[in-house]
Amino acid sequence: MIALNEKWLELADVKDELAVRDWFMGTSGNLAIKVTDEPLEFLVTASGKDKKKRTDEDFLLVDENGQPTIEKFLTPSAETLLHCAIYRKTQAGCSLHVHTVANNVISELYGDAGKIDFQGQELIKAFGLWEEDAVLTIPIIANHADIPTLTREFEATISADKGAVLIRNHGITVWGKNSFEAKKLLEACEFLFQYQLALQLQLK
Ligand SMILES: CSCCC(=O)C(=O)COP(=O)(O)O
Ligand SMILES: [Zn+2]
């Protein structure tokens, strides 16, 4: 129970920080944090809520299939299966999904290529890429309305315990070993997206 309370507060703090950045427009976005490995249980945001507000019904505990374990009166995020895929395939402890204008525009500009590469950018070091010629590749997948289909395509891109995937004209999902790392990766991605968009304006 102590672990659950601690994880709840940790995720609530992340939610507040992302809310200050205005990254939950129109109730979009969802967040998750792992509580136990065996059985796999994690806290996930309740669906459709105003994530800028802090309440006792912000999160609920779900199992490996995204089914609520205790709070049957709350509905888990519509995108819970994406978080399930992350915890099934990796050792990640936290996963974050936000919609921003920058991540949506980048996903549309590079969507046909199925990825965007970043090289020669200091902030790719957030992903542990310290070599001078290192490349950060962020996959871009189609925004399938059917969540199991979206999850299958999303899951196929997962290859490490930390990462990021863009869903075209929808948003980004990142994951890392804990909430600190996941937030760091999210901020690094948003910086890189904003840089890329600003650069393209300059080149016109
Ligand atoms: C209003 S945003 C559409 C759903 C979505 O993409 C999202 O991130 C929020 O859905 P949730 O069920 O997690 O509130
Ligand atoms: Zn979403």
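Under full-length UniProt numbering, the first residue of the sequence shown carries the number 1, and numbering increases by one thereafter.
Cβ atoms here follow ideal geometry from the backbone N, Cα and C, with glycine treated the same way.
For this session: In angstroms with no decimal places, state the Cα-to-Cα distance between residue 46 and residue 165.
Result: 22 Å
Exercise. Ligand 1 heavy atoms versus the CB of residue 79: any closer than 7 Å?
Worked result: yes
Problem set entry | Inter-residue CB distance, residue 192 and residue 121 (contact presumed, cutoff 8 Å) | About 6 Å separates the two Cβ atoms, so the contact holds.
Problem set entry | Within 8 Å, strictly: CB atoms of residue 15 and residue 4 | no
Problem set entry | Length-filtered (4 minimum) alpha helix (DSSP H) runs lying within the segment 7-72 | none
For this session: Using beta-carbon positions only, say whether residue 29 and residue 98 come within less than 8 Å of one another.
Result: yes
Exercise. Taking buried to mean at least 16 other C-beta atoms within 10 Å of its own C-beta, is residue 181 buried or exposed?
Worked result: buried
For this session: Answer yes if the segment 142-151 comes into contact with the segment 67-86, meaning at least three C-beta pairs across the two stretches below 8 Å, and no otherwise.
Result: yes
Exercise. Going by the C-beta, is residue 103 closer than 7 Å to any heavy atom of ligand 1?
Worked result: no
Exercise. Does the Cβ-Cβ distance between residue 140 and residue 95 come in under 8 Å?
Worked result: The answer is no: Cβ separation not under 8 Å.
Problem set entry | Residues bridged to residue 171 (per DSSP) | 167
Exercise. Pick from 8, 201, 147 and 173: whose alpha carbon is nearest that of residue 188?
Worked result: Of the candidates 8, 201, 147 and 173, the one whose C-alpha sits nearest the C-alpha of residue 188 is 173.
Exercise. Among 142, 143 and 127, which has the Cα closest to the Cα of residue 136?
Worked result: 127
For this session: Determine the closest residue to residue 11 out of 27, 62, 34 and 22, with distance taken between C-alpha atoms.
Result: The candidate whose alpha carbon is nearest that of residue 11 is 34.
Problem set entry | Cutoff 7 Å; reference residue 23; Cβ partners in own chain excluding five residues on either side | Within the same chain, and ignoring the five residues on either side of residue 23 in sequence, the residues whose Cβ sits closer than 7 Å to its Cβ are 29, 98 and 100.
For this session: Check whether the Cβ atoms of residue 90 and residue 161 sit closer than 8 Å, and answer yes or no.
Result: yes
Exercise. Hey, how far is the Cα of residue 125 from the Cα of residue 155?
Worked result: Cα to Cα, residue 125 sits roughly 24 Å from residue 155.
For this session: Pull up the DSSP beta-bridge partners for residue 135, would you.
Result: 119
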